[in-house]
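Numbering-wise (the numbering used here), the sequence shown opens with residue 3 and increments by one. Heads up, the thing below is written out as structure tokens.
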Amino acid sequence: MSDLLKTEFNDGVGVVTIDSPPVNALGYEVRRGIVNGVKRCAEDAAIKAIVLVCAGKTFFAGADISEFGKPMKDPSLGDVLAFIEDVRKPVIAAIHGTALGGGLELALCCHYRIAVPSAKVGLPEVNLGLLPGAGGTQRLPRIVGPEIALELIATGRPIGAREALDYGVIDRLADEKSLRNDAEAFARELVRSSAPLVRVRDQNEKVVAARGKPEIFTEFRKKNAKAFRGFKAPEHIVKCVEAAVDLPFDEGVKRERELFMELMASVEAAAQRYVFFAERQTSKIPDIPADTPTREIKAVGVIGAGTMGGGIAMNFLNIGAPVTLVERNAEALDRGVGVIRRNYEASARKGKMSEADVEKRMGLIRATTDYADLSGADLIIEAVFETMAIKRDVFGQIDRIAKRGAILATNTSYLNIDEIASATTRPQDVIGMHFFSPANVMPLLEVVRGARSAKDAVQTAMALGKRIGKTPVLARVGHGFIANRVMTVRGREANQMALQGVSPADIDRVIYDYGFAMGPFQMMDLVGLDVIGRDSNVKTVASELVRRDRLGQKKNGGYYDYDADRKATLSPIALQIIREVAEERGVEQVPADDDEILARLLFPVVNEGAKVLAEGIAIRASDIDIACIKGYNWPVYRGGPMFWADTIGLKTIVARLKAFERRFGEAFAPSPLLEKLAADGKRISAFSAA
Ligand code: NAD
């Protein structure tokens, strides 16, 4: 028997302790340990009640996800649960840390639950595209009622012990420091009072009360339609809770199993599982060991308080770091600081932070026009205009001022970081920290490693990215790095197709239906056509729209006209401009159906991703997927462009690209890497240089 199980007998109470670091995941050994331990206590006549507790930092934190997709070795989780529920003595779950997923489902099969105040419980399977498949969708509604169960299971939100106590999910709070003692005392109390063996499966009152009230489910679906769009799991979860209400327990469990198996076999769940692991991979850099010491970052400097600088500063203010904000003149500085304040005040109005929090954060800003004030900063991030000469000038100045060992970062979107670094005497300290707009909101941070960037500088930026709540992805120097580079080709094709006579509204619809929040033209209208077209010297549709003062949603509409409710209709003026530009350029008119629109917009993204890999700009294909998901809201249930490409098949994609190449030119020529992977029958999402 493995030593993860300890069984102790103490004054009539059997204590079964499972110790399987790091999180007591419910893998095979743990399942076996639980059954053996509980059985031992159940068979011992001297034992009147059983406490199930975990050693280490947490109660069973969930299923062992490495077992997913493989047949589960007996005893299955279902067997363990059924066994515990049928023990003829009270079994008490003693919870600390987190009881999530299978962990909570197991606790729900115990007759009683006690938890420390800091514990959290929840059924987060939805985040992996799944549902709790061990009775969770049938038991939780029996305790909390279908409304709360729907909310908790379909959003996956974990709740604290106090909220769980209010809902009846746990029966008692223990003292933070004496869980085991309190659980034993609770057990003795239950024995003394001959408390019943409560089986959640038999508690039908709340589900029966909801019978014949389909509006509970219709309203829930309606309320969440936007958030759930495209995901498979939430709707399956709603169906399970409906089953909990309408069917007897055993039939409900059967229904849950069927729906669970459907999800398990779905592309959406596979994509979400892939994304879950991919997100954890991004910080692994082959030649930089995880234990590389990082530089201490306390004080931060940000140069340029425009669109990006302000948002970047907020990330650091949010973690309590003092930020020195530098601008060219007092006016720009006041404007920048004003925007930060308004953003925080808007959050306070929405109840996301208190007025005191706003002032605390604003109090951490030191606004200045004097570069010399950056001398104390451990990290300086430059976010000035996107011009090489200006950036080099700024880096020359900070080189003279910054303290030794300070990290000098640029937020450039497209410029060559090595060239920027060469304006300093310390290129080893120069890196890219590329945020996405709005910088205080978008979760992607591309950390760009220059030819001479020091390993510890890179490691520090990656770690810091996590500290400010971002997902850091490492890129090498190259035009547009990762996310902008691969997504730019989608924009290029969208514009070209519009010139060929495909309606921008059709293009936007196809992209929306694929799962993006909006299409490229809607996006341009939202960001502002002046922002999109500001560096363009050639006549484009965007520059013409700007010339006619159509800046997008903020002024006179852009590609679309907007009514008072922001409802959009395609603008006849925009269509006229598109026709004019197409005529001037002699663009041939080529209609395209929805399938072709999608292929022409997104297969080139896959192709560009392959080029990014071949050039070593990204370490692994999954980093490209994460960059697109976190930086461009690529739908999670598609897994990102590279994962999605594998679900379609690389051979198909290569063939379509070649056909497009013949019709529209070499921009579509498949990358040699993509061709090779297709020919070898390999998956691109598994590609890694690591
Ligand atoms: P912006 O024009 O809104 O802001 C730039 C700010 O820098 C202005 O307030 C300007 O006064 C200030 N500035 C210019 N020269 C300066 C100097 N020498 N010293 C101090 N301040 C100076 O531009 P932005 O959109 O915030 O872009 C800034 C950088 O971020 C650019 O490199 C851009 O490519 C990059 N970026 C932009 C986005 C985006 O979506 N806007 C996204 C990622 C990266």
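The beta-carbon is built from N, C-alpha and C at its ideal position, and this holds for glycine as well. This one's a predicted model, so the numbers in the text were calculated from it and none came from an experiment.
When DSSP states are grouped into helix, strand and coil, Ile290 belongs to the strand group.
Contact between Ile116 and Phe188 holds, with the beta-carbon distance rounding to 5 angstroms and staying under 8 angstroms.
Nearest C-alpha to Leu132 among Glu258, Glu388, Val17, Ile579: Glu258. Spatial neighbours of Ala65 in its own chain (CB-CB distance under 6 angstroms, excluding positions within 5 residues in sequence) are listed in chain order as Leu28, Gly103, Gly104. Short of 7 angstroms from the beta carbon of Gly452, and not among the five residues preceding or following it, lie these beta carbons of its own chain, in chain order: Ile419, Asp420, Ala423, Pro429, Val432, Ile433, Val479. By the Cβ test, the stretch 537-546 is in contact with the stretch 580-588, since at least three Cβ pairs between them sit closer than 8 angstroms.
Beta-carbon to beta-carbon, Ala463 and Ala404 are separated by about 15 angstroms, too far to satisfy the 8 angstroms threshold. By alpha-carbon distance to Pro143, the top candidate from Pro672, Leu152, Gly135 is Leu152. His238 counts as buried, since no fewer than 16 other beta carbons sit within 10 angstroms of its beta carbon. Straight-line measurement puts the Cα of Met526 at about 20 angstroms from the Cα of Pro445. Arg174 has its alpha-carbon roughly 23 angstroms from the corresponding atom of Thr9. Inter-segment contact for the stretch 271-279 and the stretch 299-310 is absent: fewer than three beta-carbon pairs are separated by less than 8 angstroms. As summarised for the stretch 313-365, the continuous alpha helix (DSSP H) elements at least 4 residues long and confined to that stretch are 332-351, 357-364, given in chain order. For His436, the uninterrupted beta strand (DSSP E) segment begins and ends at 432-437. Distances between the C-beta of Met526 and the heavy atoms of the ligand NAD are all 6 angstroms or more. Looking at Gln524, Leu319, Ile409, Arg658, the one whose alpha-carbon comes closest to that of Gly559 is Gln524.
Cβ contact annotation for Ala465 (same chain, cutoff 6 angstroms, sequence separation greater than five): Thr296, in chain order. Distance between Asp177 and Ala229, taken at the CA atoms: about 38 angstroms. The bridge partners DSSP lists for Ala117 are Ile97, Leu175. Taking the Cα of Arg658 as reference, the smallest distance to any Cα among Ile619, Leu600, Ile686, Asp627 is reached at Leu600. Straight across, the Cα-Cα distance linking Val240 with Ala121 is about 26 angstroms. For the 7 angstroms CB-CB criterion, Ala44 and Val89 form a contact. Following the DSSP letters along the chain, one finds Val18 inside the beta strand (DSSP E) bounded by residues 15-20. Taking 7 angstroms as the cut-off, the Cβ atoms of Phe397 and Ala425 count as close. The ligand NAD has no heavy atom closer than 6 angstroms to the beta-carbon of Glu546.
In chain order, Ala212, Ile218, Val243, Val247 place their CB closer than 6 angstroms to the CB of Pro148, counting only its own chain and leaving out the 5 sequence neighbours on each side. Of the candidates Asn129, Leu130, Ile94, the residue whose Cα lies closest to the Cα of Leu192 is Ile94.
Scanning Ala350, Glu546, Arg344, Glu298 for the CA closest to the CA of Asp458 turns up Glu298. The ligand NAD has a heavy atom closer than 6 angstroms to the beta-carbon of Met310. Here His481 is exposed. Its C-beta has fewer than 16 other C-beta atoms within 10 Å. For Pro474, the enclosing beta strand (DSSP E) begins and ends at 473-478. In terms of CA proximity to Pro606, Thr654 leads the group Pro593, Thr654, Ala691, Ile580. Looking at the DSSP output, Ile383 sits in a beta bridge with Val304, Ala411. For the options Gly214, Leu376, Leu417, Ala385, the alpha carbon positioned closest to that of Arg406 is the one of Leu376. Along the stretch 574-651, the alpha helix (DSSP H) occurs as fully enclosed runs of 4 or more residues at 574-587, 596-616, 623-634, 643-650, listed in sequence order.
Beta-bridge analysis with DSSP links Asp563 to Thr571.
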